[in-house]
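What follows is a short report on a single structure.
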Amino acid sequence: MPYYDLRCEKCQSEFNVKASIQERSEGKISCPTCGSQELATVYRKVNVLRYKGKDCDVCPVSVNDQSHGGCCNGNCRHGG
Ligand SMILES: [Zn+2]
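Using the numbering used here, you'd call the opening residue of the sequence shown number 11 and step up by one each time.
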């Protein structure tokens with residue numbers, strides 16, 4: 011089951027709840043603080059993990075692969 015980060019529209023409290031997609035869509039989740047079912051989903055910023063072996067976070071496709079000449083096939087000009 012997925013976890014939902016929800017915010018109550020009524021009392022503005024945020025909480026995390028584990029529920030099925032069906033339970034969420036049917037509005038069976040209620041605020042633990044006030045019992046309201048007027049809930050908004052909270053989207054959190056997720057830190058983007060750097061790929062292992064990726065040596066440049068400027069170039070989206072850069073890979074530290076010496077067989078291809080390193081970052082961006084050696085054509086990357088970032089950072090001098
Ligand atoms: Zn509430």
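Ideal Cβ positions, reconstructed from N, Cα and C, are used throughout, including at glycine. Keep in mind it's a predicted model, so treat the numbers as computed, not measured.
| Check | Outcome |
| --- | --- |
| How many Å lie between I31 and C21 at the Cα? | 24 Å |
| Where does E33 sit, in a helix, a strand or coil, going by DSSP? | helix |
| How is the beta strand (DSSP E) around Y14 delimited, first residue to last? | 13 to 18 |
| Ligand 1 heavy atoms versus the CB of K38: any closer than 7 Å? | no |
| Since K28 is in the beta strand (DSSP E), which residue starts that stretch and which ends it? | 24 to 28 |
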